[in-house]
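**Student:** The structure's right below; bear with me while I get my questions together.
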Ligand code: CA
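Numbering (our numbering), first residue to last: 40 to 279.
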């Protein structure tokens with residue numbers, strides 16, 4: 040399977056540091072974004088540990104893509120917990136992770152997801168959110184207690200119900216095997232892209248750019264122009 044790709048990560052306009060991390064391994068068909076969090080320090084360390092462990096764990100090609108991604112995410116989760124226990128300053132750090140691995144024999148892709156970063160599939164005039172946010176507000180929406188329009192800018196919008204490195208509860212790795220067609224584009228992004236832009240605006244920007252690098256840059260520019268309150272990371276993967 041041939042694919043084109045682009046990725047950009049940016050600190051934004053408000054935060055002092057970029058705690059997001061981006062993984063682009065086009066030769067191996069592996070792409071991921073991670074959004075780290077944690078007190079005084081550690082957010083950038085947590086997202087970096089997650090990205091590095093997924094990168095290493097997926098280095099050898101294998102047909103069991105789902106099993107390998109699940110194992111990689113679990114070992115990243117444990118590595119973050121160990122690092123936090125070893126250094127009190129890192130206590131409480133965690134990270135989201137959304138990873139896409141193309142299958143070795145050109146027959147699809149697998150997405151693995153924890154937290155509130157997102158994967159979308161863009162197919163012509165349709166843009167579909169593939170991942171489900173692991174957040175308190177999403178649970179309220181699912182229970183019919185909150186209108187989806189209100190979820191994103193809700194005061195509790197950033198409360199996660201799932202993250203790597205968080206001890207409470209069980210790590211719930213969402214696995215998706217989306218169908219795809221030639222020309223489909225997958226977008227992986229952290230929530231900093233979504234802080235001020237809605238899905239329609241993102242879709243419009245993507246459609247306005249033929250080349251993926253230009254599109255990725257334009258998305259990050261638009262998020263920054265709208266205030267850039269958070270770190271912004273995007274990866275675009277187009278299947279040819
Ligand atoms: Ca964020």
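For glycine and all other residues, C-beta sits at the position ideal for the given N, C-alpha and C.
Run the proximity test for residue 270: is its beta-carbon closer than 7 Å to any non-hydrogen atom belonging to ligand 1?
**Tutor:** Yes - ligand 1 has a heavy atom lying nearer than 7 Å to the Cβ of residue 270.
**Student:** Taking 7 Å as the limit between beta carbons, can you name the residues of its chain near residue 43, skipping five residues before and five after?
**Tutor:** 251, 277, 279, listed in sequence order.
**Student:** Look at residue 115 and residue 136 and say whether their C-beta atoms are less than 8 Å apart.
**Tutor:** Yes; because the gap between Cβ atoms is below 8 Å, this pair is in contact.
**Student:** Hey, residue 85 and residue 204: beta-carbon distance below 8 Å or not?
**Tutor:** Contact flag set, yes.
**Student:** Starting from residue 277, follow its DSSP beta bridges and name the residues at the other end.
**Tutor:** Note: residue 277 sits in a beta bridge opposite 43, 224.
**Student:** I'd like to confirm something about residue 229: is its beta-carbon nearer than 7 Å to some heavy atom of ligand 1, or not?
**Tutor:** The answer is yes for residue 229.
**Student:** List the whole-angstrom C-beta distance separating residue 90 from residue 212, where the pair is believed to meet the contact cut-off of C-beta under 8 Å.
**Tutor:** Contact flag wrong, Cβ pair sits at about 16 Å.
**Student:** Rounded to whole angstroms, what is the Cα-Cα separation between residue 94 and residue 271?
**Tutor:** Rounded to whole angstroms, residue 94 to residue 271 spans 21 Å at the Cα level.
**Student:** Looking at residue 215 and residue 70, is the spacing between their C-beta atoms short of 8 Å?
**Tutor:** No. Outside cutoff.
**Student:** Counting Cβ pairs, one atom from each stretch, are 3 or more of them under 8 Å apart for the stretch 147 to 166 and the stretch 235 to 252?
**Tutor:** Short answer: they touch.
**Student:** Considering only residues of the same chain and omitting the five flanking positions on each side of residue 149, which have a CB-CB separation below 8 Å?
**Tutor:** Taken in chain order, the residues that qualify are 104, 105, 108, 139, 140, 142, 214, 215, 216.
**Student:** Nearest by alpha-carbon distance to residue 175: which of 155, 166, 167 is it?
**Tutor:** The option with the nearest alpha carbon to residue 175 is 155.
**Student:** From the DSSP output, in three-state form, read off residue 74 for me.
**Tutor:** Reduced to three states, the DSSP call for residue 74 is strand.
**Student:** Is the Cβ-Cβ distance between residue 132 and residue 77 less than 8 Å?
**Tutor:** Result yes, Cβ atoms of residue 132 and residue 77 sit closer than 8 Å.
**Student:** Report the rounded CA-to-CA distance for residue 127 versus residue 168, giving the unit in angstroms.
**Tutor:** Taking the straight line from one Cα to the other gives about 37 Å.
**Student:** Can you give me the Cβ contacts of residue 49 inside the same chain, cut-off strictly under 6 Å, excluding the 5 residues immediately before and after it?
**Tutor:** Excluding sequence neighbours, residue 49 sits near 259, 271.
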